[in-house]
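> Residue numbers (my numbering): 1 to 82.
Just so it is clear, CB atoms sit at the ideal spot from N, CA and C, and this is done for glycine as well.
I am attaching a structure below and will ask some questions about it afterwards.
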């Protein structure tokens with residue numbers, strides 16, 4: 001999870017990731033409302049370049065699945081509303 005305060009460490013993190021050689025590397029920035037400002041798509045692309053040669057999935061490029069609730073009543077039950 002990259003934010004302004006840790007993006008300067010992206011190159012070192014990528015070097016470690018290349019040593020580990022994982023099947024996939026997910027690079028993210030918070031997109032949901034929170035107290036931290038997300039990095040831009042351009043900043044995330046720059047960080048992604050450090051991970052060249054690895055299978056990288058970025059929060060801005062990942063395929064978004066469409067989620068449909070079974071019913072409104074089921075959703076309310078799961079949330080403890082009824």
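#1: Measure the C-alpha to C-alpha separation of residue 66 and residue 72 and round it to an integer number of angstroms.
#2: Going by DSSP in three states, residue 16 sits in which element: helix, strand or coil?
#3: Could you compute how far the alpha carbon of residue 25 sits from the alpha carbon of residue 49?
#4: What is the DSSP secondary structure of residue 58, reduced to helix, strand or coil?
#5: With distances taken from CA atoms, which of 4, 75, 78, 82 is nearest residue 35?
#6: I'd like the span of the beta strand (DSSP E) that includes residue 47, first residue to last.
#7: By DSSP's criteria, residue 27 is part of a beta bridge. Which residues make up the other side?
#8: With burial defined as no fewer than 16 other Cβ atoms inside 10 Å of the residue's Cβ, what is the status of residue 62: buried or exposed?
Inspection of the coordinates gives the following:
#1: Cα-Cα distance, rounded: 16 Å.
#2: Secondary structure of residue 16 (DSSP, three-state): helix.
#3: Residue 25 and residue 49 have their C-alpha atoms some 12 Å from each other.
#4: It is a strand residue.
#5: Nearest C-alpha to residue 35: 4.
#6: Per DSSP, residue 47 lies in no beta strand (DSSP E); the unbroken alpha helix (DSSP H) holding it starts and ends at 41-50.
#7: According to DSSP, residue 27 bridges with 58.
#8: Here residue 62 is exposed. Its C-beta has fewer than 16 other C-beta atoms within 10 Å.
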